[in-house]
Amino acid sequence: MNTTASRISLHGGHSGQYCNHARDLLEDIILRYIDLGFKRVGITEHIPPINDAFLYPEEKALHLTTDDLHKRFKDYFKNLNNLKEKYRAEIKIFVGMETEAYTGYELHVKQLIARFQPDYIVGSVHHINDIYFDYSREDYDKAAAICGSHDALYEKYFDLQYEMIKTLTPFVVGHFDLIRIYDPAYAKRLLNPDIQQKILRNLRLIKSLNLVMDFNLRPLARGEKEPYPTDSILKRAKEMDIPVVPGDDSHGVNQAGGHVDRAIKILNTMGFNTLWPEPVLLT
Ligand SMILES: [Zn+2]
Ligand SMILES: [Zn+2]
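What the sequence shown shows, in this note's numbering, is residues 95 to 377, in sequence order.
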């Protein structure tokens, strides 16, 4: 057992400066990671929307436009690249971004990558049929109703995720089973043979492309009992020798680095390699 695993997060660091559902200054978040002894951290702000239909509700409430968010995203890269240099002696910062998988994302994300040259990307799916399903229970139920059932919702999610991974080759695949977010019966549903077959297909793709799975700690911050992915998927990832790396998915200083020690302990106990891989751009 490797007991000297260094603290790391490869998904998170959302800040109030660049995300309206996060809090605090990006620099204060970086300082928090340094205080906690992190030697490496990946910061992965949400990409700006492709058009106004994909603005978050809190952005609409503030009358922000796609244009405003593109300008803000440009500022994020400039600021984070400066912070990367400023704190180089204390911490190695990987400048990243978290993607989407809604209609038109392929070209949108590739254009953002070409323009901003991030160190790596986190590939996430937050929409089903262009409905943002993880924002609220109401949106989740709406997405499920459109799909016809919760089982169909899961299948659609894992199909979108498969396409996204093939299209973007994200170094980190974000919160693999986020689709379970508002489903109390998720543990059983994820074992449904039709869903399980898609999960295994996606894991095989992740393995074949040498990608990393996000061990996403946001559920722990919400008081839930396990991170994404759930235990049954984590065991499969271990069998397939897929690297799994903690991601705090933090949205403020007080969440930065949260539950990372617990995550490392879980990964150690399960026999995962905790000599973390370094993120790179693969697209
Ligand atoms: Zn967020
Ligand atoms: Zn996400």
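Note that CB positions come from ideal geometry on N, CA and C, so glycine has one too.
Item	Value
Distance CB(Pro264)-CB(Val216) smaller than 8 Å	yes
Extent of the continuous alpha helix (DSSP H) run through His244	244-262
Cβ separation of Thr159 and Glu192, assumed to be a contact under 8 Å, to the nearest whole Å	20 Å between Cβ atoms; not a contact.
Distance cut-off 7 Å: Cys241 Cβ against heavy atoms of ligand 1	no
Beta carbon of Met307 nearer than 8 Å to that of Ile275	no
8 Å contact criterion, which Leu104 and Val339 should meet: CB distance rounded	5 Å
Cβ-heavy atom distance, His403 to ligand 1, below 7 Å	Residue 403 cannot be examined here, being either before or after the span of the chain that is shown, 95 to 377.
Proximity below 8 Å, CB of Phe66 to CB of Ile102	Past the edges of the chain, shown from 95 to 377, lies residue 66, and the structure says nothing about it.
Given Asp122 as reference, the closest of Leu376, Ile358, His345 once Cα atoms are compared	His345
Contact set for Leu285: own chain, Cβ-Cβ below 8 Å, skip 5 residues either direction	Ser326
Near ligand 2: Ser218 beta-carbon under 7 Å from a heavy atom	yes
Same chain, Cβ closer than 7 Å to Leu376, neighbours up to 5 away in sequence not counted	Thr263, Phe265
Three-state secondary structure assigned by DSSP to Ser302	helix
DSSP-derived helix/strand/coil call for Asn96	Summary for Asn96: the model assigns pLDDT 42, below 50, so the residue's position carries little reliability; its value from the coordinates is reported in the next sentence. If DSSP states are grouped into helix, strand and coil, Asn96 belongs with coil.
contact_flag[the region 189-205, the region 229-240] where n(CB pairs < 8 Å) is 3 or more	no
According to DSSP, residues forming a beta bridge with Lys186	Arg134
Sub-8 Å separation of His108 and Tyr150 beta-carbons	no
Status (buried if at least 16 other CB within 10 Å, exposed otherwise) for Ala331	buried
Bridge partners - Ser103, DSSP secondary structure assignment	Val135
Whole-Å CB distance - Gly351 paired with Asp342, under 8 Å assumed	6 Å
Where the beta strand (DSSP E) through Tyr214 begins and ends	214-217
Nearest-angstrom beta carbon gap, Tyr256 and Arg295 [assumed within contact, 8 Å]	6 Å
Limits of the unbroken beta strand (DSSP E) element including Pro340	338-341
Distance CB(Lys186)-CB(Arg231) smaller than 8 Å	no
DSSP three-state assignment for Glu320, whether helix, strand or coil	coil
Length of the line joining the Cα atoms of Cys113 and Gly106	12 Å
Terminal residues of the alpha helix (DSSP H) in which Pro313 lies	312-315
Reduced DSSP category for Val266 - H, G, I as helix; E, B as strand; rest coil	strand
Cβ shell of Ser100 (< 6 Å), same chain only, five flanking positions each side left out	Lys133
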